[in-house]
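J.:
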Amino acid sequence: MSESNNRTQARTFHENGQTLVTIKTLLAFLLFVVISSEVIAASIEDYGNLPTNRSLEISPNGEAITWIQELDEKVTLYVANSDDLKVIKALELGDALIRKVYFATNTHIIIEISKARKLTYVGQKYEDSAAFSFNVKTGKTSILLRENRDIYFAQTGLAEIVGFNKEKETALMPAIDNSSKFNLYSVDLNTGKAKRFKPGKQETINWHTNSAGEVIAREDFDGKKDRYRVYSYTQGKKPVLVYENETSLPNLDIVGINEEKNTLIVYNRSSTHEYLTDLSLDTGELENNLFSIQDANIKNYIKSNNDELLGLSISGLTPDYVFFDEKIDHSFERLLSTFKDKSVNLLSYSDDFKKIVVIVSGSQSPEKVYLFDTENVRLNSIGRQFSSIAESDVADVSSFTYQSRDGLALNAVITWPLQKTDSDQKNLPTLIFPHGGPAAYDSIQFDWWAQYFASQGYLIIQPNFRGSTGFGVELTQAGNGKWGKEMQNDVTDALNHAIELGITDPDRVCIMGASYGGYSALAGGAFTPEKFRCVISVNGVSDIPKMLSYDKDVYGRNSWVVNYWDKVIANGTLKKNDLKDISPIHHVDKFVSPTLLIVSKNDTVVSPKQSKAIAKKLKRAKKSVRIVTLKGEDHWLSKSETRLSMLKAIDEFLKEHNPI
Numbered sequence: 033m034s035e036s037n038n039r040t041q042a043r044t045f046h047e048n049g050q051t052l053v054t055i056k057t058l059l060a061f062l063l064f065v066v067i068s069s070e071v072i073a074a075s076i077e078d079y080g081n082l083p084t085n086r087s088l089e090i091s092p093n094g095e096a097i098t099w100i101q102e103l104d105e106k107v108t109l110y111v112a113n114s115d116d117l118k119v120i121k122a123l124e125l126g127d128a129l130i131r132k133v134y135f136a137t138n139t140h141i142i143i144e145i146s147k148a149r150k151l152t153y154v155g156q157k158y159e160d161s162a163a164f165s166f167n168v169k170t171g172k173t174s175i176l177l178r179e180n181r182d183i184y185f186a187q188t189g190l191a192e193i194v195g196f197n198k199e200k201e202t203a204l205m206p207a208i209d210n211s212s213k214f215n216l217y218s219v220d221l222n223t224g225k226a227k228r229f230k231p232g233k234q235e236t237i238n239w240h241t242n243s244a245g246e247v248i249a250r251e252d253f254d255g256k257k258d259r260y261r262v263y264s265y266t267q268g269k270k271p272v273l274v275y276e277n278e279t280s281l282p283n284l285d286i287v288g289i290n291e292e293k294n295t296l297i298v299y300n301r302s303s304t305h306e307y308l309t310d311l312s313l314d315t316g317e318l319e320n321n322l323f324s325i326q327d328a329n330i331k332n333y334i335k336s337n338n339d340e341l342l343g344l345s346i347s348g349l350t351p352d353y354v355f356f357d358e359k360i361d362h363s364f365e366r367l368l369s370t371f372k373d374k375s376v377n378l379l380s381y382s383d384d385f386k387k388i389v390v391i392v393s394g395s396q397s398p399e400k401v402y403l404f405d406t407e408n409v410r411l412n413s414i415g416r417q418f419s420s421i422a423e424s425d426v427a428d429v430s431s432f433t434y435q436s437r438d439g440l441a442l443n444a445v446i447t448w449p450l451q452k453t454d455s456d457q458k459n460l461p462t463l464i465f466p467h468g469g470p471a472a473y474d475s476i477q478f479d480w481w482a483q484y485f486a487s488q489g490y491l492i493i494q495p496n497f498r499g500s501t502g503f504g505v506e507l508t509q510a511g512n513g514k515w516g517k518e519m520q521n522d523v524t525d526a527l528n529h530a531i532e533l534g535i536t537d538p539d540r541v542c543i544m545g546a547s548y549g550g551y552s553a554l555a556g557g558a559f560t561p562e563k564f565r566c567v568i569s570v571n572g573v574s575d576i577p578k579m580l581s582y583d584k585d586v587y588g589r590n591s592w593v594v595n596y597w598d599k600v601i602a603n604g605t606l607k608k609n610d611l612k613d614i615s616p617i618h619h620v621d622k623f624v625s626p627t628l629l630i631v632s633k634n635d636t637v638v639s640p641k642q643s644k645a646i647a648k649k650l651k652r653a654k655k656s657v658r659i660v661t662l663k664g665e666d667h668w669l670s671k672s673e674t675r676l677s678m679l680k681a682i683d684e685f686l687k688e689h690n691p692i
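Heads up, the sequence shown is in my numbering, so the first residue is 33 and it goes up one at a time.
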């Protein structure tokens, strides 16, 4: 599988007269904002605010769509007919942080929210989540599961739903009870009331159900004994142990089911490939290689509400797709050929896959949303997620390939300064923008953060360094134990390549990033200070030993999460002093350039203390440092107000230290 879309050429679809009628209908109901015919350049608010329209989903029968609109500080959930887009229901959502919206049944919409809360007796914050059911017919909302007194109050994941019984209108939701057992509960979608459906154990980590809302399997992991188990519920009334392995991490990643074959579909990987196999719930044997891939990764699993695997989204600079139904696969090939060199992301689909919602982004495409009728081969444009950003406000996005200093083939995504001609694309002020994760990657799509600074005249370079996903297992695993070393060299090598190409002015470069990208920015300031005029870290890690200690406090010393980070960062070989050596906080004396630290007060992923601690040390070392706290914000920058505050702080900092 190549990095770009390899689909064969097919008939191109055209937006017909009906598309125009659809758009007019939608605008008439004020669902998407009308853009004035007068061309006005987008403002920092247009880029910084959350998308005006987001979380679009289609009902199981394909007859309705729902989405969230944020306009004039008012957040509303809309439900409309999919054919004429007339509004059926509207629900004001207040100031809750909406994480996910989707149809459970044709009548019920699930709304997931979360909020950071502090456990006073341990001093740590956690992400407190909840799920609501909204009945489209009655307009009534019910909070699910939370009011059950058997549930332990301070736990994450209380919005998780692993299956539905559509006939009984119930959701199946796992939760920890007051005796620390991870049970499965049956929850009434109309009242929110819950009762225990299946008992779990303290070691239970996951449940799996079928389309009838019946439990078919349970996963247990004992971190103290390094023991992973899978139990089958399809062989009688009692669960039967069918798979067991001694491991410090759960070694099977169960990603779906095949009801017909009575199997679980398991993701696994070798040193070179990712692959899917069946795990028999009768024998516990791994059998039948269903799919394998080498030079890319499985990005998303396309599944039914009850985990039946329908297809796969494949990563790369633009995504590709594989569907197990040939007719669906062929229809999607046609759709992808319509938007060559752009990213087409599947948002939602009806049960029969006759209607699907996709979002298209890339150069000159500010995240356009389309409804595709696969049966009638008709493509209708619904609108744009960022309704106030016109195509003329979207900078070109492309990529280049380069080689690391030790010979690894890599790529980087480039966002060019807006409205620059080819002759102007030389010796540009540049922002090196490594992604978070680090198990993530950058691709050719609309990136609001990169697009804003491209609109201000900067060249944005986003390297896919070793440790990134998206381009094969070997690249990802090459990052294990390489934080601050080869991984950081890859970021520097992307900059060096841009300088060699003549597109970057070596005297006008800053580095910025968030989360792991924030760590990489600080590492740039500590380990290659001569390369950067300024350093910008958003919710970045500065002290790796302290980060690991924080995670042990939050998840427990025997947690698979802690084992995962030990593998990724230390690779089982690095000691505490080695981890200090790659921690920017222990190298503040090497910083030369001004540093901007932006920290979300309610970050539950990277402790805000990481930024505060290095700010304190930089000040003591008499280095130029500024810290900005985003009150009420989380790790993922989920609020328009604070996203905008972040952009403005960076904008001001760049104008001072790396002006155009």
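For every residue, glycine included, the Cβ atom is placed at its ideal position computed from N, Cα and C.
1) Can you grab the Cα-Cα spacing for the pair residue 471 / residue 640, in whole Å?
2) Does the distance from the CB of residue 215 to the CB of residue 231 come in under 9 Å?
3) Helix, strand or coil: which one does DSSP assign to residue 521?
4) Measuring CB to CB, does residue 513 end up less than 9 Å from residue 646?
5) Taking the alpha carbon of residue 219 as the reference point, which residue from 206, 212 and 439 has its own alpha carbon closest?
6) Beta-carbon within less than 7 Å of residue 313's beta-carbon, same chain only, minus the 5 sequence neighbours each way: which residues are those?
7) In angstroms with no decimal places, state the Cα-to-Cα distance between residue 649 and residue 578.
8) Would you identify the three-state DSSP class for residue 677, choosing helix, strand or coil?
9) Can you tell me the Cα-Cα spacing of residue 572 and residue 120, whole angstroms?
10) What does a CB cutoff of less than 8 Å around residue 302 pick up in its chain, not counting 5 residues either side in sequence?
11) Of the residues 140, 186 and 189, which one's Cα is nearest the Cα of residue 168?
12) Please determine if the stretch 534-554 and the stretch 651-664 are in contact, where contact requires at least 3 C-beta pairs separated by less than 8 Å.
13) May I ask you to report which of helix, strand or coil DSSP gives residue 667?
14) Within this structure, are the beta carbons of residue 352 and residue 195 separated by less than 9 Å?
15) Assign residue 620 to one of three DSSP states: helix, strand, or coil.
16) Identify every run of the beta strand (DSSP E) within the stretch 297-353, keeping only runs that are complete inside it and at least 3 residues long; order them along the chain.
17) Are at least three pairs of beta-carbons, each pair with one atom in the stretch 493-508 and one in the stretch 86-97, less than 8 Å apart?
18) Just reading off the alpha helix (DSSP H) that residue 480 is part of, what are its end residues?
19) Nearest to residue 407 by alpha carbon, out of 439, 362 and 208?
20) Just how far apart, CA to CA, sit residue 692 and residue 566?
21) Grab the span of the beta strand (DSSP E) containing residue 236 for me, first residue to last.
22) Can you tell me whether residue 413 is helix, strand or coil according to DSSP?
23) Please list, in chain order, all residues of the same chain as residue 483 whose beta carbon is under 7 Å from its beta carbon, the five residues on each side excluded.
24) Does DSSP classify residue 631 as helix, strand or coil?
25) Can you look up residue 167 in the DSSP assignment and give me helix, strand or coil?
26) Could you give the C-beta distance for residue 643 and residue 574, rounded to a whole number, given that I count them as a contact under 8 Å?
27) When you compare only the Cα positions, how much space is there between residue 224 and residue 665?
28) Taking a contact to mean a Cβ-Cβ separation below 9 Å, would you say residue 368 touches residue 355 in this structure?
29) Based on DSSP bridge pairs, tell me the residues matched to residue 739.
30) Whose C-alpha, out of 148, 189, 110 and 191, is nearest the C-alpha of residue 171?
31) Pairing CB atoms from the stretch 411-420 with CB atoms from the stretch 81-90, are three or more of them under 8 Å?
32) Quick one: what's got a C-beta closer than 7 Å to residue 254's C-beta in the same chain, skipping five residues either side?
33) Between residue 658 and chain C, is the shortest Cβ-Cβ distance under 9 Å, so that the two count as touching?
34) Under 8 Å by Cβ, that's how I've got residue 436 and residue 521 pegged, so tell me the actual separation to the nearest angstrom.
35) Taking the alpha-carbon positions, what's the residue 348 to residue 373 distance?
36) Kindly indicate the opening and closing residues of the beta strand (DSSP E) around residue 78.
T.: Quick look at the numbers:
1) Cα to Cα, the separation comes out at about 21 Å.
2) Residue 231 is positioned such that its CB atom lies closer than 9 Å to that of residue 215.
3) Of the three classes helix, strand and coil, the one that applies to residue 521 here is helix, per DSSP.
4) Not closer than 9 Å, so no.
5) Of 206, 212 and 439, the residue nearest in Cα terms is 206.
6) The residues are 248, 249, 264, 266, 274, 294, 295 and 296.
7) Going by the C-alpha atoms only, they are around 15 Å apart.
8) In the structure shown, residue 677 sits in a helix (DSSP, three-state: H, G or I).
9) The alpha-carbon atoms of residue 572 and residue 120 are separated by roughly 44 Å.
10) If we look at residue 302 and ignore the five residues flanking it on each side, its Cβ neighbours are 505.
11) Nearest of 140, 186 and 189 to residue 168, Cα basis: 140.
12) As far as the Cβ criterion goes, the stretch 534-554 does not touch the stretch 651-664, which means the pair count is below three.
13) DSSP places residue 667 in coil when its eight states are reduced to three.
14) Contact flag unset, no.
15) It is helical.
16) Counting only runs of 3 or more, we get 306-312, 318-325, 330-335 and 341-346.
17) A contact is defined here as three or more CB-CB pairs under 8 Å, and the stretch 493-508 fails this definition with respect to the stretch 86-97.
18) Run containing residue 480: 480-487, per the alpha helix (DSSP H) assignment.
19) Answer by Cα proximity: 362.
20) Take the alpha-carbon of residue 692 and the one of residue 566: they are about 14 Å apart.
21) Its beta strand (DSSP E) spans residues 236-241.
22) The answer is strand: DSSP assigns residue 413 an E or B state.
23) Closer than 7 Å at the Cβ level, and outside the excluded window around residue 483, lie 79, 426, 427 and 447.
24) Secondary structure of residue 631 (DSSP, three-state): strand.
25) DSSP places residue 167 in strand when its eight states are reduced to three.
26) Confirmed, about 7 Å.
27) Their Cα atoms are separated by approximately 29 Å.
28) No, Cβ-Cβ distance for residue 368 and residue 355 is not below 9 Å.
29) Since the first residue of the chain shown is 33 and the last is 692, residue 739 is not available in this structure.
30) The shortest Cα separation from residue 171 among 148, 189, 110 and 191 belongs to 110.
31) Between the stretch 411-420 and the stretch 81-90 there are three or more inter-stretch CB-CB distances shorter than 8 Å, so the stretches are counted as touching.
32) Apart from the 5 residues on each side of it in sequence, residue 254 sits with its Cβ closer than 7 Å to the Cβ of 235 in its chain, given in chain order.
33) In the displayed structure, chain C is absent; only one protein chain is listed.
34) Between residue 521 and residue 436 the Cβ distance is about 6 Å, and since that is below 8 Å, they are a contact.
35) Linking residue 348 to residue 373 through their CA atoms gives a straight-line distance of about 12 Å.
36) Run containing residue 78: none in the beta strand (DSSP E); it sits in the alpha helix (DSSP H), 76-80.
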